[in-house]
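These notes concern the structure reproduced below.
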Amino acid sequence: MWAFVGIVTFTFMYKKLETLLPSLHSSKVSAVLTACCVSIAVALLFQLSRHTRIRLAMSELIRATTILIDALCSLHQQPPIPDETEKEFEFECICTPGAVRAPEVVLVGSGVLGSALAATLGHAGRRVVVLERDMSEPDRIVGELLQPGGFRALHSLGLQGEEEHST
Numbered sequence: 000m001w002a003f004v005g006i007v008t009f010t011f012m013y014k015k016l017e018t019l020l021p022s023l024h025s026s027k028v029s030a031v032l033t034a035c036c037v038s039i040a041v042a043l044l045f046q047l048s049r050h051t052r053i054r055l056a057m058s059e060l061i062r063a064t065t066i067l068i069d070a071l072c073s074l075h076q077q078p079p080i081p082d083e084t085e086k087e088f089e090f091e092c093i094c095t096p097g098a099v100r101a102p103e104v105v106l107v108g109s110g111v112l113g114s115a116l117a118a119t120l121g122h123a124g125r126r127v128v129v130l131e132r133d134m135s136e137p138d139r140i141v142g143e144l145l146q147p148g149g150f151r152a153l154h155s156l157g158l159q160g161e162e163e164h165s166t
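Under numbering that gives the first Met the number 0, think of the first position of the sequence shown as 0, with each following residue one higher.
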């Protein structure tokens, strides 16, 4: 049972790694996850030895663990090779401090209603900022369909032709 939990945890962390830690290289994170899995395996071996009356000297167990972790860490001590997709950006402010204007409206969420409201307020001359949690493609669809209330809101905002018709 514990092996299954360990495998599921490792798989979950590996798949969700890009969203959790986008700035780290995957090889370093894989090394850390492998070290964690090895540590868990050694801990389970120690528990097994206590229950089956197999006597392992604690010093031997600690020495084997440190040698293994040291070997894993020494594999990844090379300087990181810059990835072709990683680019360094330099930002330069070309505005004077008095010229920066704060937004008049801040909308949280760029769903159907948030996008329609942002478009309407932007066309009316307002300074609008839309905050969205994640710009990647969602892994599931929850409330993404245009419901009757959202359809009426689009029409009340004057965006009758903006909805997409599907047959």
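Backbone N, C-alpha and C fix where the C-beta goes; we use that ideal spot for every residue, glycine too.
Secondary structure at residue i, three-state DSSP: helix, strand or coil?
i: leucine 112; result: helix
i: leucine 43; result: helix
i: leucine 120; result: helix
i: leucine 32; result: helix
i: leucine 156; result: coil
In angstroms with no decimal places, state the Cα-to-Cα distance between residue i and residue j.
i: aspartate 69; j: alanine 42; result: 17 Å
i: serine 38; j: proline 102; result: 51 Å
i: histidine 122; j: valine 129; result: 14 Å
i: serine 109; j: leucine 120; result: 14 Å
i: arginine 151; j: glutamate 131; result: 23 Å
i: glutamine 46; j: alanine 63; result: 16 Å
i: threonine 65; j: serine 29; result: 18 Å
i: alanine 40; j: aspartate 133; result: 36 Å
Taking Cβ to Cβ, would you say residue i is nearer than 8 Å to residue j?
i: valine 127; j: alanine 115; result: no
i: arginine 125; j: valine 105; result: no
Taking buried to mean at least 16 other C-beta atoms within 10 Å of its own C-beta, is residue i buried or exposed?
i: valine 107; result: exposed
Sort the options by Cα distance to residue i and report the nearest one.
i: histidine 154; options: Gly124, Glu131, Val111; result: Val111
i: leucine 156; options: Asp133, Glu131, Gly113, Thr33; result: Gly113
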